[in-house]
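Trainee: Residue numbers (our numbering), protein chains in the order written: chain A, 1 to 479; chain B, 1 to 479.
All C-beta atoms in this analysis are idealised placements derived from N, C-alpha and C, irrespective of residue type, glycine included.
Because the structure is a prediction, the values reported are computed rather than measured.
Sharing a structure here in structure tokens format.
Number of protein chains: 2
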Amino acid sequence: MEPNQINSRLFCLIFAFLSISGIDSSLGEYLYTTQWLEVPVDHFGFANNDTFKLRYLKNDTYATEPNAAAILFYTGNEGDIELFAQNTGFMWDAVSDRNNGLNAELIFAEHRYYGQSLPYGNKSYDSAKQLGYLSSEQALADFASILQEINPGNRRPVIAIGGSYGGMLAAWFRMKYPHMVLGAIAASAPVLQFKDITPCGVYNRILTSVFANAYSKDCSENIRKSWKILKTRAETDDGRAFLKRQFNLCANLTKHEDVDQLLDYLTEMYSNLAMANYPYEANFLAPLPANPVREFCWRFKGDNLNDTQLIQSLASAVIVYSNFTGRVKCLDINETATDRLGTRGWDFQACTEMVMPMCSNGVKDMFEPEDWDFKKYSDECFKKLGVRPRTEVEMITRYGGNQINTATNIVFSNGLLDPWSGAGVLRTPNNRVKIVIIPEGAHHIDLRAKNNNDPQSVIMARQIHLDTIKEWISQRYGA
Amino acid sequence: MEPNQINSRLFCLIFAFLSISGIDSSLGEYLYTTQWLEVPVDHFGFANNDTFKLRYLKNDTYATEPNAAAILFYTGNEGDIELFAQNTGFMWDAVSDRNNGLNAELIFAEHRYYGQSLPYGNKSYDSAKQLGYLSSEQALADFASILQEINPGNRRPVIAIGGSYGGMLAAWFRMKYPHMVLGAIAASAPVLQFKDITPCGVYNRILTSVFANAYSKDCSENIRKSWKILKTRAETDDGRAFLKRQFNLCANLTKHEDVDQLLDYLTEMYSNLAMANYPYEANFLAPLPANPVREFCWRFKGDNLNDTQLIQSLASAVIVYSNFTGRVKCLDINETATDRLGTRGWDFQACTEMVMPMCSNGVKDMFEPEDWDFKKYSDECFKKLGVRPRTEVEMITRYGGNQINTATNIVFSNGLLDPWSGAGVLRTPNNRVKIVIIPEGAHHIDLRAKNNNDPQSVIMARQIHLDTIKEWISQRYGA
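Given below as structure tokens:
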């Protein structure tokens, strides 16, 4: 693991949704109207009375009895809300089933500072003075403002739905605004990825086990070996030229930072392959085959490779991720899969309140040893963005960490193939919070549209979501 | 009722605590250490990274097993926290009973912008730029920061306790931070005094009934008649001189505003007498006798008074409130009882998020008819403070209004002699929220120290509080 933890690790959450997005989104499979609501830049104070227009998408095609219809409310995460609307097929499937569909309106609410919901337009990212109103609490208050607008008096039942960071927001929205939100489906929401709750190495251990179990154990072993071999090769001109050829890099590896960048690229790739390890071909920003980790590991097998063979084998496997279409001319390690989304926004969030400790030890995981070092993390944030986290525990103070025994009407779902699952809620704190474990699931696959290749556990998870939503609604109506 | 609704009505909440404070407070009956915690000015964003020192008071004399001790946490309201510490005798009584006392530490947390917890020192009130971080949400986040500091990992059970606005904060603290707050005693907390929940006239109706029932019905009838008579007299020079003599005013009534000020003074007096209508003498900022409303009404009796008699009789009754000690030389109608507390702060809160609709109709209450007019209210706010409420429903959006059926571990207590009781929670939303009605109680008398003249219903209320706190704590420990 290379030092740029902010990038290499916390991007993962951003990518999380990309994993379910894909190029399909731009085709606009689902239709909605775009709405705007004027909201305060600062919901919790009055020193800054600026307002801005927040975007949300709406579809009421399937709200057959509008006054009685429920609202399925997607709590937007770190990206353009249209991507989420187009790629949360579960919500569309839930209402469009002619026989058994929910009588519900769909709302997809954009998270401030992403997509087109920019408080200060194209100056929103200029400095902390503009960007400083980017926080989860302000985002939740935006969502509450939308509900205040479209559902006055909370007459209609509202179900919050989200995946990844959006799943955290869905759960927190129910916890903090239970008068507005009847229940929440929080898919792959790592609400326990905070200090001293989930061990910092869990993410990388699960990630490692995904690679160890996809084809043969050689795969994770080879990855573990690769870091040192790559670094050694990168020490000489010849070695760097060799790496450039093998990986078909677009640019020469000239500076020390270039090599770091290659290692970061690989690190991010492993996360992304695991999160998006779906049993069917999916169009990502980089399109992937079905079961991409198995495809990768099949190419990276062998327990007896010498250094050169190992690099050659790794390079051939990387193509699964970098060039599945065969149309990419060369590998640009500076191009992350996430550039089209709110990378800068997420960096800021990760460097202010959303501090998620990560580490590796090289024994129980396939990465090089790196302890979690909050001070170092904070220093990197300051160097990169000019901000530091206020504390390491802000999110625990705000949302409770693992002390959520008063929570009700939340479904936490986690796929065991998802490295984030280790920080998900896997045991219910009480009988009003449901836990759904999806043994065959990667990152919030349950929020995707149904697919013929869906494993049985994914189909069941969606059914539980749907049944639970119906149960909450009928309880609310006293049925 | 005169137009300055902000003053005449919403002061009531400020006065609320004065009613239980009294001159005793300055004697320092109870002892504590003063602590300071550095907290962010803005907990929810990063545009302003200023910090300030928040004050809290601590007593652990009675925490006999410090590691197992509970924390009784007073959620400070709009005033100097020392006043609350000295005047919330219930908390001191709860721990100091040798046989049956709680093993608990006492904390009294100051509300930002009051007392000595001034984010920008003596500039804190200079403009909305400094004052704009005064909000209930920021105050709750301050309280959470204190708990994060003194109770890491939430190891010890915490009970929030507060009265009036402090009671609202205690309830909301439990609702918003249930992982930190095991339960809340919310005394006389008008959490339902918001748009379309409690009719705007209820406060004045209860107030009227207190005056109608204290001695004879003449009292409220005479008050109802008095407004027109006072105004008529005030139209002429002779009449104003007459009023000045009768009320022993310090200054002449020269301007129209002076007469308004007299009417506002009386309006505020009626609220204050009712809230502080305790069955024992108490030292207020203006000291009062036991049962002050009865004392007042005894002097303002008679169903057949002519106009002159009525004014004379009223003036003699006002002395109960204005000069019980006999040491006041003349009546200064510009001096409100609340000047020593955070009047300006509360005005700002009332004109930003804490909008509590009030009205009167002159038929079911003893005041002149005045509708609730949000626009007019907002205009007055702007004229007076340069700010307007963002919406009329902000507090409902934030805290749920009457839709609090997910709340647990809260006791809402209300005295039926308290005009604020009409906006209290009088029916439980579920079996985990307790309602305590105190038929013989004025404004949060149950938080006062025990007194030989306490009515039985007050003694019982305190016992319920104590038993409930013990029950929560033993449930938490699985007993």
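#1: Could you tell me which chain B residues have their CB closer than 7 Å to the CB of A/D42, listed as they occur along the chain?
#2: For A/E182, which of A/V433, A/S457, A/N453, A/K255 has the nearest alpha-carbon?
#3: Using a cut-off of 9 Å between C-beta atoms, extract the partners of A/A144 located in chain B.
#4: For A/I404 and chain B, any beta-carbon pair shorter than 8 Å?
#5: With burial defined as no fewer than 16 other Cβ atoms inside 10 Å of the residue's Cβ, what is the status of B/V363: buried or exposed?
#6: State the start and end residues of the unbroken alpha helix (DSSP H) segment that holds B/Q148.
#7: Under a three-way DSSP split, which group does A/A436 fall into?
#8: Who are the neighbours of A/G101 on chain B, taking C-beta pairs under 9 Å?
#9: Quick check: is the beta carbon of A/G132 nearer than 8 Å to any beta carbon in chain B?
#10: Taking a cut of 9 Å between CB atoms, which residues from the region 177 to 195 of chain A lie near chain B?
#11: What residue does the beta strand (DSSP E) around A/S413 start on, and which one ends it?
#12: From the DSSP output, in three-state form, read off A/D277 for me.
#13: Does B/T485 get closer than 8 Å to chain A when you measure Cβ to Cβ?
#14: Using a Cβ-Cβ cutoff of less than 6 Å, which residues in the same chain neighbour B/T64 once the five nearest sequence positions on both sides are dropped?
#15: Using three-state DSSP, classify B/Y56 as helix, strand or coil.
#16: Can you tell me whether DSSP reads A/W420 as helix, strand or coil?
#17: With a threshold of 8 Å between beta-carbons, can A/E137 be considered close to chain B, or not?
#18: Within the chosen definition, does the region 230 to 240 of chain A reach the region 372 to 383 of chain A through at least 3 CB pairs nearer than 8 Å?
#19: Does chain A have any CB closer than 8 Å to the CB of B/A128?
#20: Mind checking B/Q193: buried by the 16 CB within 10 Å criterion, or exposed?
#21: Under 9 Å between beta-carbons, which chain A residues line up against B/V387? List them in chain order, please.
#22: On the criterion of 16 or more Cβ atoms from any shown chain inside 10 Å, does A/D467 qualify as buried, or is it exposed?
#23: For a cutoff of 8 Å on Cβ pairs, would you count A/N122 as touching chain B?
#24: CA-CA distance, B/N452 and B/S413?
#25: Taking Cβ positions only, does B/V393 come closer than 8 Å to chain A?
#26: How big is the Cα-Cα spacing for A/L131 and A/Y125?
#27: With the cut-off set at 8 Å, would you say B/G441 and B/A128 are in Cβ contact?
#28: If we cut at 8 Å on Cβ distances, does B/N154 have a partner in chain A?
#29: Could you spell out where the alpha helix (DSSP H) holding B/T254 opens and where it closes?
#30: Can you find a C-beta in chain D that's less than 8 Å from the C-beta of B/T468?
#31: Can you list the residues of chain A that B/Q475 reaches, using a CB-CB cut of under 8 Å?
#32: Looking at chain A, is there any beta carbon in it that lies within less than 8 Å of the beta carbon of B/T75?
#33: Is the beta carbon of B/Y74 less than 8 Å from the beta carbon of B/K58?
#34: Going along the chain, which residues of its own chain have a beta-carbon closer than 6 Å to the beta-carbon of A/I185, five neighbours each way excluded?
#35: Do the CB positions of A/Q246 and A/A170 come within less than 8 Å of each other?
#36: May I ask you to list the residues that DSSP assigns as paired with B/P40?
Mentor: To lay it out plainly:
#1: G45
#2: In the sequence as displayed, the identity of residue 182 of chain A is Leu instead of Glu. Among A/V433, A/S457, A/N453, A/K255, the Cα nearest to that of A/L182 belongs to A/V433.
#3: T397, R398
#4: yes
#5: exposed
#6: 136 to 150
#7: The question names Ala, but residue 436 of chain A is Val in the sequence shown. A/V436 falls in the strand class under three-state DSSP.
#8: In chain order: nothing, as chain B lies at least about 27 Å away.
#9: yes
#10: Y177, P178, H179, M180
#11: 410 to 415
#12: The residue you asked about is not Asp; residue 277 of chain A is Asn in the sequence shown. Here A/N277 sits in coil by DSSP.
#13: In this structure chain B extends from 1 to 479, so residue 485 of chain B is not present and cannot be described.
#14: N103
#15: strand
#16: helix
#17: yes
#18: no
#19: yes
#20: buried
#21: F46, N49
#22: exposed
#23: no
#24: 21 Å
#25: yes
#26: 5 Å
#27: no
#28: yes
#29: Premise fails: B/T254 is in no alpha helix (DSSP H) and is neither H nor E.
#30: Although the question refers to chain D, the structure presented lacks it and instead comprises the protein chains A and B.
#31: Simply none; closest approach about 11 Å.
#32: no
#33: no
#34: I161, V411, H465
#35: no
#36: B/T51
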